[in-house]
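> After the structure tokens below, expect a handful of questions from me.
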Amino acid sequence: MLLDAADPQVGPVPVRPARSAGPDDAPDVWPSTARVQDGALHIGGVSIPHLARACGTPLYVLDEADVRRRARQWHAAADRVHYAGKAFLSTEFVGWIRDEGLHLDVCSGGELSLAIAAGMPAHRIAMHGNNKSIDELRAAVHSGVGVVVVDCTEEIERLAQLAAATNRVQDIYVRVTPGIVADTHAYMATGGDDVKFGFPIAGGYAAAAVRRVLGLPALRLRGVHSHLGSQILDLSGLREGAHRVGALLADIERAHGLRIGEVDLGGGAGIAYLAGQRRLEPDRFVAALRDGLRTSWPHPVTLAVEPGRAIVGTAGVTVYEVGVVKDRALRRFVSVDGGMSDALRPSLYGADYTAFVASRAADGDPVLTSVVGKHCETGDVVVPSVALPDDIAPGDLLAVPATGAYHAAMASNYNLLPRPAVVAVADGRAKLLVRRETPADVLARDGGGAPIDLAAAARRVGPSSTTSP
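Remember, the numbering used here sits 1411 above the position in the sequence shown when you count from 1.
Now the structure itself:
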């Protein structure tokens, strides 16, 4: 029945007991070392309640062993693996990726600077991005990155000028869109013709970009790049996208006598976020791409892929402390000490997660619950709908699994909340990857009304560094 807004509060609606969201009953959602011992969650042999007391909440926790295990699986499946740094990066994390033999995909000057500072060899870095600034392109060339993925005509021209000015020949991939709309959220689909990325194969845009690159001696066409999107579980789209890229390679050979032997077909392999969901394993993902390529390009090719979420997603857990429990007519609202500033994906994509009481054994009857944040937004939701025990109370810890990808990376200071720390656990030890911000850190960016010298800016001669070398 419909409830009028004036109806009295009748308490939360009980639900039938759901399968536990904990690691014992839903292992595909949790880090591989997650265990429940004496009622409390442990990851990497570390007690999560003890870790929360030491580091505070909200807190991002990464299972190092899980990250390394999945990195090895991908390394074994493909000829080359570029970890997609946008999912999560820190200097320590880059060391894990480097040590496991992976390359690194960065998409901004900040990610490139961190990668170089962390000791990633420049020749194992691919520079991405759909609107790289001149400063970012210059940094890529000067640091000696292995490949720049060119995304637009302006970028081809600017990169050629920068490389020529330093007497270098820069290896590049041309990013193409094969006209495939992946079965995923519209904001995560990148392979169709009507997207901001790359050169569509349809209409001859990709062929024109290749012709232009081949006419510039400062650029070397090393390969073709394509990426369909994120959180992909359907193999048919991967095969068809690879088939269309292979057909482009055949067209390039016919038109220019050039046989391209390297293809980067991106990442996007989906993971499990809820009990009963499946993930797309590396061997099946790569096999689908190889199958699709073979139907239109029978020649040997070095196949590169770019997993990010598939390596770090389920290795991460976010830990919150419960602050408020509100019973309403349709459901219970459990408010935690974070929200959309550290967990943007539910608000941005409608992403769904589960939650688990991490600090004690909770044996109450399951109640339909929304886990919400502390921000001044109705859409500030951490877990939209989950069956949590009815004895949950302020002070309890909640763990939200499968948050290793994009949660720390997308975190903000909305409502001027400091961003959480990121901690790694392994073999019973914990180490700090990214420190927690403080209110002083947030305040430090406040300009305080300091004057800006517009006259000095006007006296500077030359165009902006974002538009010309």
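Ideal Cβ positions, reconstructed from N, Cα and C, are used throughout, including at glycine.
Just so it is clear, the structure is predicted and the values come from calculations on it, not from any experiment.
Is the CB-CB distance between V1836 and V1457 below 9 Å?
Start at 1 with the first residue of the sequence shown, and residue 1836 comes out as number 425. Start at 1 with the first residue of the sequence shown, and residue 1457 comes out as number 46. Going by C-beta atoms, V1836 is nearer than 9 Å to V1457.
> Who are the near neighbours of N1824 in its chain, counting only those whose CB is closer than 6 Å to its CB and skipping five residues on each side?
Counting from 1 along the sequence shown, the entry for residue 1824 is found at position 413. Hits under 6 Å: V1853.
> Using 8 Å as the cut-off, can you tell me whether the region 1483-1494 makes contact with the region 1511-1523, which would need three or more C-beta pairs spanning the two stretches below that distance?
The region 1483-1494, when compared against the region 1511-1523, does touch it at the 8 Å Cβ threshold.
> Roughly how many angstroms lie between the CA atoms of G1450 and S1770, to the nearest whole one?
What you label residue 1450 is simply residue 39 of the sequence shown in a count that begins at 1. What you label residue 1770 is simply residue 359 of the sequence shown in a count that begins at 1. Approximately 7 Å, taken between the alpha carbons.
> Use the C-beta contact count for A1469: other C-beta atoms within 10 angstroms, 16 or more gives buried, fewer gives exposed.
Stepping through the sequence shown from its first residue, residue 1469 is reached at position 58. At residue 1469 the sequence reads Pro, which differs from the Ala that was named. Looking at its Cβ environment, which holds 16 or more other Cβ atoms inside 10 Å, P1469 is buried.
> Would you decide whether G1679 is buried or exposed? Buried here means 16 or more other CB atoms lie within 10 Å of its CB.
Translated into positions along the sequence shown, residue 1679 becomes position 268. That one is buried.
> On the premise that S1752 lies in contact with A1813, defined as a C-beta separation below 8 Å, what is that separation, rounded to the nearest angstrom?
For the purposes of this step, residue 1813 is taken as the residue at position 402 of the sequence shown. For the purposes of this step, residue 1752 is taken as the residue at position 341 of the sequence shown. Not a contact, Cβ separation roughly 19 Å.
> Do we get a CB-CB distance below 9 Å when we pair A1680 with the residues of chain D?
In the structure shown, chain D cannot be found, because there is only a single protein chain.
> Mapping the DSSP letters down to three states, classify R1670 as helix, strand or coil.
Locating residue 1670 in the sequence shown gives position 259, where the first residue counts as 1. Coil, per DSSP.
> Please report the straight-line C-alpha distance between I1863 and A1855, rounded to a whole angstrom.
Taking the sequence shown and counting its residues from 1, the one referred to as residue 1863 is at position 452. Taking the sequence shown and counting its residues from 1, the one referred to as residue 1855 is at position 444. Taking the straight line from one Cα to the other gives about 18 Å.
> Between the alpha carbons of G1603 and G1590, how many angstroms are there, rounded?
Position 192 of the sequence shown, counted from the start, is the residue given in the question as residue 1603. Position 179 of the sequence shown, counted from the start, is the residue given in the question as residue 1590. In this predicted model, G1603 has a pLDDT of only 48, less than 50, meaning its place in the structure is not dependable enough to derive any value.
> Is the Cβ-Cβ distance between T1588 and V1560 less than 9 Å?
By one-based count along the sequence shown, residue 1588 stands at place 177. By one-based count along the sequence shown, residue 1560 stands at place 149. In this structure, V1560 does not lie closer than 9 Å to T1588 by Cβ.
> How should L1843 be labelled, buried or exposed, when 16 other C-beta atoms within 10 angstroms of its C-beta is the threshold for buried?
Here residue 1843 refers to the residue found at position 432 of the sequence shown. By the 10 Å Cβ count, L1843 comes out exposed.
> If you follow the alpha helix (DSSP H) that I1536 is in, where does it begin and where does it stop?
By one-based count along the sequence shown, residue 1536 stands at place 125. I1536 -> not in any alpha helix (DSSP H); beta strand (DSSP E) instead, spanning I1536 to M1538.
> L1632: buried (16+ other C-beta within 10 angstroms of its C-beta) or exposed?
Here residue 1632 refers to the residue found at position 221 when the sequence shown is read from its first residue. Burial call: buried.
> Which residue wins for smallest C-alpha separation from D1802, given the options S1781, Y1817, V1793 and V1768?
As a first step, residue 1802 must be located in the sequence shown, where it is residue number 391. Residue V1768 is the option with its Cα nearest to D1802.
> Please tell me whether A1762 and Y1471 are closer than 9 Å, where the distance is taken between their beta carbons.
Numbered from its first residue, the sequence shown carries residue 1762 at position 351. Numbered from its first residue, the sequence shown carries residue 1471 at position 60. Their beta carbons are not under 9 Å apart, which means A1762 does not touch Y1471 by this criterion.
> For L1691 versus A1653, is the C-beta spacing smaller than 9 Å?
Along the sequence shown, read from residue 1 onward, the residue named residue 1691 stands at position 280. Along the sequence shown, read from residue 1 onward, the residue named residue 1653 stands at position 242. Contact: no.
> Quick check on the DSSP output: what are the complete alpha helix (DSSP H) runs of length 4 or more inside the region 1648-1699, in order along the chain?
For the region 1648-1699, not a single whole alpha helix (DSSP H) run of length 4 or above is found.
> From the DSSP output, in three-state form, read off A1476 for me.
Stepping through the sequence shown from its first residue, residue 1476 is reached at position 65. Helix.
> When the Cβ atoms of the region 1459-1469 are set against those of the region 1687-1701, are three or more pairs found closer than 8 Å?
As far as the Cβ criterion goes, the region 1459-1469 does not touch the region 1687-1701, which means the pair count is below three.
> Hey, out of P1628, Y1616, R1623 and R1586, whose CA is closest to F1608's CA?
Residue mapping note: residue 1608 aligns to position 197 of the sequence shown, counting from 1. If we check each option's Cα against that of F1608, R1586 comes out closest.
> For Q1581, name the three-state secondary structure that DSSP assigns.
Numbered from 1 along the sequence shown, position 170 holds the residue referred to as residue 1581. Correct three-state label for Q1581: strand.
> Decide if H1638 is buried, meaning its Cβ has at least 16 other Cβ atoms within 10 Å, or exposed.
What you label residue 1638 is simply residue 227 of the sequence shown in a count that begins at 1. Flag for H1638 reads buried.
> DSSP state of E1566, grouped into three classes?
Along the sequence shown, read from residue 1 onward, the residue named residue 1566 stands at position 155. Here E1566 sits in helix by DSSP.
> Is it a yes or a no for the region 1471-1480 touching the region 1693-1711, going by three-plus beta-carbon pairs under 8 Å?
Short answer: they don't touch.
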